[in-house]
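Residue -14 is where the sequence shown starts when you use my numbering, and the numbers rise one by one after that.
Virtual Cβ for every residue (Gly too), placed ideally from N, Cα, C.
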Amino acid sequence: MIWDIIIDAFLDTIKILPILYLVYLLVSYLGHNNNNRYAKLMNKTKKYGPLIGGITGCIPQCGFSVVMADLYSKKAITAGTLIAVMLATSDEAIPIMISNPDFIVPMLIMIAIKLVVAVFFGYLFDIILKLFNKPQKIEVDAFSKIHNHDCQLTSCSHAHVIHCHNEEQGEKCEHHDKETKHEHHACVDNIFLDALVHTLQITAFLFVATFIIGLIVNYAGVENLSKIFTTNKFISPFIASLVGLIPSCASSVFLVEFYMAGGITFGAMIAGLCAGSGIGIFILFAKNRKHMLMNVIIVLSLFLIGSLVGILCNLFV
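#1: Throw me the rounded Cβ distance for the D111 and T41 pair, which I believe falls under 8 angstroms.
#2: Take the Cβ of G252 as the centre, count every other Cβ of all protein chains shown within 10 Å, and call the residue buried at 16 or more, exposed below.
#3: Using a Cβ-Cβ cutoff of less than 7 angstroms, which residues in the same chain neighbour L36 once the five nearest sequence positions on both sides are dropped?
#4: Buried or exposed, going by whether 16 or more other CB atoms sit within 10 Å of the CB of F117?
#5: Where do the ends of the alpha helix (DSSP H) carrying N280 lie?
#6: If contact is defined by three or more beta carbon pairs under 8 angstroms, each pair taking one atom from either stretch, is the segment 259 to 274 in contact with the segment 213 to 232?
#7: So which of F243, V102, L93 has the shortest CA-CA distance to I68?
#8: Pick out whichever of M71, Y244, L200, T184 has its Cα sitting closest to the Cα of L5.
#9: So what does D76 bridge to, in DSSP terms?
#10: From L297, G291, L300, H276, pick the residue whose C-alpha is nearest to that of D55; which is it?
#11: Since I believe G48 is in contact with Y108 (beta carbons under 8 angstroms), could you give me their beta-carbon distance rounded to a whole number of angstroms?
#12: In three-state DSSP terms, what is I187?
#13: Pull up the distance between the alpha-carbon of C259 and that of G291, whole angstroms please.
#14: Quick one, are the C-beta atoms of F270 and N280 less than 8 angstroms apart?
#15: What's the call for G247, buried or exposed, on a 16-neighbour Cβ count within 10 Å?
#16: Measure from the alpha carbon of L10 to the alpha carbon of each residue in F(-5), L178, I81, P45, then state which is nearest.
#17: On a Cα-Cα basis, can you pick out the residue from Y204, L114, I296, M254 that is closest to F88?
#18: Exposed or buried, which one is F(-5) when buried takes at least 16 other CB atoms within 10 Å?
#19: Is M(-14) closer than 8 angstroms to N203 when the C-beta atoms are compared?
#20: Should S84 go down as buried or exposed, given a rule of 16 or more other Cβ atoms within 10 Å for buried?
#21: Below 6 angstroms CB to CB, which residues in the same chain sit around E77 once its five sequence neighbours on both sides are set aside?
#22: Judging by CA-CA distance, which residue of G261, Y14, D(-7), Q46 is the nearest neighbour of L2?
#23: What is the DSSP secondary structure of A61, reduced to helix, strand or coil?
#24: What residue does the alpha helix (DSSP H) around P232 start on, and which one ends it?
#25: Taking I(-10) as the reference, give the member of V302, G199, I249, S286 with the closest Cα.
#26: State buried or exposed for P222, treating a residue as buried only when at least 16 other CB atoms are found within 10 Å of its CB.
#27: Assuming contact is defined by CB atoms lying nearer than 8 angstroms, are A256 and V302 in contact in what I supplied?
#28: Compute the distance between the beta-carbons of L93 and C43, then report whether it is under 8 angstroms.
#29: Assuming V51 contacts I187 (C-beta within less than 8 angstroms), just tell me the rounded distance between them.
#30: Taking 7 angstroms as the limit between beta carbons, can you name the residues of its chain near V284, skipping five residues before and five after?
Right, dumping it as structure tokens:
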């Protein structure tokens, strides 16, 4: 059984690799731009962050929620943008529902509801933070920080920072020796290797988390886990939201399969999928360790929003 769980965790992790690599390749490219014009553009257009986050979150798999959690930890996006991405993320739900023609319409309704909810609460979250005098500044060099954060060639990273700092102040850049130049080239200019390093690091987190969840599901049993649900339309969304918060694609699979089998209501499924964001929550706590209180607030917000939306769907959909 252990080997089966390991294989399942490996396969679930492999599914996310392509989108992780492509997104980190983009992030790495932005980090190599000496003038940081892309980061500056994001800072100027951050008012569209929740909208962009909601749209990208609708893409199947949890790759974007994972990357956005990492970006948020580096202050490259606002908390509202992260909330929007996580609320819109459906992980494995869309591929499963689209494979069954009878659930195409519910799937489209689900996507529409989650998108509207994601954008609305994403903007609301940013507005609330602003009202409480907690301005969220997107750092101009955020993409460069993401690039340099895990670089093992420390002298290279240091030289790069000094170089940019001096350029911004109009001073003459210091001359680095040949050895430093060589390291600088190997570390900074190879965006493909840079993206691969970040992807493999996140993949390690994904595999461990998926393996642990797999152990819990297999030893507890799906039938025993399903008994925690109730047919009460006011209580089931709260329970589904708790299930959705489990940092694994297994939670979305469980919720969708259970809904398609008639075990839970449409509202309960929506609640769980709004609260859940795959491995995104796990990465948020792993990468944003210096701001644990904010991490908890984000998770509690996902739970409450998911439960509220689920109850409303049970009443009106």
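Quick answer:
#1: Between T41 and D111 the Cβ distance is about 17 angstroms, and since that is not below 8 angstroms, they are no contact.
#2: buried
#3: V104
#4: exposed
#5: 277 to 301
#6: yes
#7: V102
#8: T184
#9: Q46
#10: H276
#11: Incorrect: roughly 23 angstroms between the Cβ atoms, too far for contact.
#12: helix
#13: 5 angstroms
#14: yes
#15: exposed
#16: L178
#17: M254
#18: exposed
#19: yes
#20: exposed
#21: C234, S237, V238
#22: Q46
#23: coil
#24: No alpha helix (DSSP H) contains P232, which DSSP labels as neither H nor E.
#25: G199
#26: buried
#27: no
#28: no
#29: 6 angstroms
#30: L230, I266
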